[in-house]
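Here the sequence shown is numbered in this note's numbering, starting from -17 and rising by one per residue.
Idealized CB from N, CA, C, for every residue including glycine.
All values derive from a computational prediction rather than experimental measurement.
Below is one structure, written out as structure tokens, with a few remarks after it.
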Amino acid sequence: MDNLEKICLHTITTKPWPIETAVRKFREAGIKGISVWREALADRDPSHVGRIIKEEGMEVVSLVRGGFFPDRDEKKRQDAIDQNKRALEQAAALSAPLLVLVCGADPRQSLEDSRKQINEGIAALLPMASDLGIKLGIEPLHPMYADTRSAINTIRQANDLAEKIGSDQVGVVVDVYHLWWDPDLEKEIQRCAQLGKLFAFHICDWKVPTIDFLNDRVIMGRGCIPLSRIRKWVEAAGFNGYNEVEIFSNYYWQMDQDQYLKEIIEAYKHNT
Ligand code: ZN
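Below is the structure:
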């Protein structure tokens, strides 16, 4: 059993709801934290959205997502940095303390080259992020996404990169969907926390069998991820932040979203 003190929802989880609806529904359900996807801000003034969230007594946990740094073409890499600077401006307007980075990869070049460009991209953002007081969270993605979405695929790689960059501003986002299979997970969670770089914790479950590798995640407790165990590791390492429910699912997005939210809350109370 768990209360709702530490639950946060990503706006993508209930994608069919416009952000104003999501904020109201989340608050009515007793949820305190919200991570805002940039898609949910389309055509909206982020400072206005930030005010709505605050007025509801809620807290913006992060803005999702920046990143996608690597590209064989130098001009495109510069465009990506400029895009990330826009994301930092949005995060500041929204009062988001963290920008989550899906780091990117370009399949036309080696993963090592992509990682080098990720490092350069984050370094290029760092002065602005520091000025604005916004942290940058490297989210390692499951290796099945190493072609185009991220050349950072393990928590160890994320820890190594964050350690190498060596700024308090840069840390790691632990998402169980991407990392549950890793035999080094417990050890690297401890290392991440010792480095002071455990910035966020994302939860959902891995459906068996998964039929779509992007949009077929399931509610906690309905798949094969040992979530309670991983959460214990994260908390034992000293993490005290939100448990962020981040589910992409074509199936759930077609459901009645009120019913879906109820099921998420029940699952959170009993299976997290
Ligand atoms: Zn995530």
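- Task: Measure how close the beta-carbons of proline 52 and serine 96 come, nearest whole angstrom, since I'm counting them as under 8 angstroms.
- Result: Locating residue 52 in the sequence shown gives position 70, where the first residue counts as 1. Locating residue 96 in the sequence shown gives position 114, where the first residue counts as 1. About 4 angstroms separates the beta carbon of proline 52 from that of serine 96, a gap short enough to meet the 8 angstroms contact definition.
- Does the separation of the CB atoms of alanine 78 and valine 42 fall below 7 angstroms? Sequence index remark: in the sequence shown, residue 78 carries index 96 (1-based). Sequence index remark: in the sequence shown, residue 42 carries index 60 (1-based). Yes, Cβ-Cβ distance for alanine 78 and valine 42 is below 7 angstroms.
- Item | Other residues of its chain near lysine 189: CB distance less than 8 angstroms, five sequence neighbours each side excluded | Counting from 1 along the sequence shown, the entry for residue 189 is found at position 207. Asp198, Arg199, Val200, Arg204, Gly205.
- Query: Which ranges does the alpha helix (DSSP H) cover as unbroken runs of at least 4 residues, wholly within the stretch 168 to 224, from first to last along the chain?
  - Reply: Entirely contained in the stretch 168 to 224, the alpha helix (DSSP H) runs reaching 4 residues are, in chain order, 209 to 218.
- Task: May I ask you to report which of helix, strand or coil DSSP gives aspartate 53?
- Result: Counting from 1 along the sequence shown, the entry for residue 53 is found at position 71. Reduced to three states, the DSSP call for aspartate 53 is coil.
- For methionine 110 and valine 5, the rounded distance between their alpha carbons: Locating residue 5 in the sequence shown gives position 23, counting from the first residue. Locating residue 110 in the sequence shown gives position 128, counting from the first residue. C-alpha separation (whole angstroms): 29 angstroms.
- Item | Contact shell at 5 angstroms, judged by CB to any heavy atom of ligand 1, ordered along the chain | Residues lining ligand 1 by the Cβ criterion, that is a Cβ closer than 5 angstroms to any of its heavy atoms, are Asp157, His184, Glu228 in chain order.
- Is aspartate 182 near valine 155, with beta carbons less than 7 angstroms apart? Taking the sequence shown and counting its residues from 1, the one referred to as residue 182 is at position 200. Taking the sequence shown and counting its residues from 1, the one referred to as residue 155 is at position 173. The amino acid at residue 182 is misidentified as aspartate; the sequence shows alanine. Going by beta carbons, alanine 182 and valine 155 fall inside the 7 angstroms limit.
- Message: In this structure, how does DSSP classify isoleucine 229 when only helix, strand and coil are distinguished?
- Response: Numbered from its first residue, the sequence shown carries residue 229 at position 247. Annotated three-state conformation of isoleucine 229 is coil, per DSSP.
- Query: What do you reckon, are the CB atoms on leucine 70 and leucine 23 nearer than 7 angstroms?
  - Reply: The residue given as residue 70 occupies position 88 in the sequence shown. The residue given as residue 23 occupies position 41 in the sequence shown. Taking 7 angstroms as the Cβ cut-off, leucine 70 and leucine 23 do not qualify as a contacting pair.
- Just the C-alpha distance for cysteine 174 and lysine 98, rounded to the nearest angstrom, thanks. Counted from its first residue, the sequence shown places residue 174 at position 192. Counted from its first residue, the sequence shown places residue 98 at position 116. About 21 angstroms.
- Quick one: what does DSSP say aspartate -6 is sitting in, helix, strand or coil? Position 12 of the sequence shown, counted from the first residue, corresponds to residue -6. Here residue -6 is isoleucine; the residue named in the question, aspartate, does not match the sequence. Helix at isoleucine -6.
- Take alanine 87 as the anchor and find which of Gly39, Leu123, Ser112, Lys244 has the nearest alpha-carbon. Residue 87 sits at position 105 when you count from the first residue of the sequence shown. Checking every option, the nearest Cα to that of alanine 87 belongs to Leu123.
- Would you say aspartate 164 faces chain D, with C-beta separation under 7 angstroms as the test? Among the chains in the structure shown there is no chain D, since it carries only a single protein chain.
- Item | Cβ distance (whole Å) where isoleucine 171 is taken to contact tryptophan 215 below 8 angstroms | Numbered from its first residue, the sequence shown carries residue 171 at position 189. Numbered from its first residue, the sequence shown carries residue 215 at position 233. With a Cβ gap of about 5 angstroms, isoleucine 171 and tryptophan 215 count as contacting.
- Message: Restricting to runs no shorter than 4 residues, where is the alpha helix (DSSP H) found entirely within the stretch 92 to 163?
- Response: Fully enclosed alpha helix (DSSP H) runs of 4 or longer: 93 to 114, 137 to 147, 158 to 161.
- Nearest candidate by alpha-carbon position, reference phenylalanine 230, set Gln65, Thr(-4), Gly39, Asp55: Mapped onto the sequence shown, residue 230 falls at position 248. Ranking Gln65, Thr(-4), Gly39, Asp55 by CA distance to the CA of phenylalanine 230 puts Thr(-4) first.
- Determine, using beta carbons only, whether leucine 83 and leucine 108 come nearer to each other than 7 angstroms. Walking along the sequence shown from the start, residue 83 turns up at place 101. Walking along the sequence shown from the start, residue 108 turns up at place 126. Not a contact, by the Cβ cut-off of 7 angstroms.
- In angstroms, rounded to a whole number, what distance separates the CA positions of tryptophan 235 and threonine -7? Translated into the one-based positions of the sequence shown, residue 235 becomes position 253. Translated into the one-based positions of the sequence shown, residue -7 becomes position 11. Tryptophan 235 and threonine -7 have their C-alpha atoms spaced approximately 12 angstroms apart.
- Query: Nearest-angstrom Cα distance between glutamine 241 and lysine 14?
  - Reply: In the sequence shown, counting from the first residue as 1, residue 241 sits at position 259. In the sequence shown, counting from the first residue as 1, residue 14 sits at position 32. Answer to the nearest angstrom: the Cα atoms are 19 angstroms apart.
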